[in-house]
Amino acid sequence: MNMTHYMGLLADNQPWNLIIFMAIPVICAETLAISEFAILFTRNLDGTLRKVNKVVGIFAGLYFTGIFIYLMKTAYIPLTVNGEWKGWIDVVAVTFYLLGIVPFLGMALLDLGIIFRKKTVEEKLKIHAIFVSIFLVVAHVAMIFGMVDPTLGSGASSGHDMMNM
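Residue 1560 is where the sequence shown ends in the numbering used here, and the numbering goes up by one at each step.
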């Protein structure tokens, strides 16, 4: 079966690539989402859960920045320059994965007090929740398109003919 570069990355060097590029970012996102809900519902803005949320937000932003830089240098730019994309589905999968930098880095910068300094605690909480939501959307789009046979969008044959099986 043909795979997108996204799935190829996760399938290579098992289990390390899966852990580095999928498990750690997703565990961070899930931790952020769950703690975000608890903070929003309890309004406990100074408790342990908020501290965990803040540490995970900063870690995720810095960690994903490293992933972003690494994949831009070793995959995205070379694939583009060399014309090695497997079609638009492949581009969507990888691009949406890399777009995770926007919300993750945004959360880190917010939690470090670098952006939105003059916002109230409630406004910062809202922005943080928006960043978490954006990450979940882009990550799921990347996963969905990443699992699709990239030849479906290119007009090429995938080698699978369900009618003749």
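Glycine included, C-beta positions come from ideal geometry on N, C-alpha and C.
- L1531 and R1512 have their C-alpha atoms spaced approximately 25 Å apart.
- DSSP, reduced to helix, strand and coil, places R1445 within a helical segment of the structure shown.
- A Cβ-Cβ separation of about 36 Å leaves D1506 out of contact with P1545 under the 8 Å criterion.
- Below 8 Å, too few C-beta pairs join the stretch 1398 to 1407 and the stretch 1422 to 1430 to call them touching: fewer than three.
- Following the DSSP letters along the chain, one finds A1406 inside the alpha helix (DSSP H) bounded by residues H1400 to A1406.
- Under the criterion of beta carbons closer than 8 Å, F1540 and A1488 qualify as touching, at roughly 4 Å.
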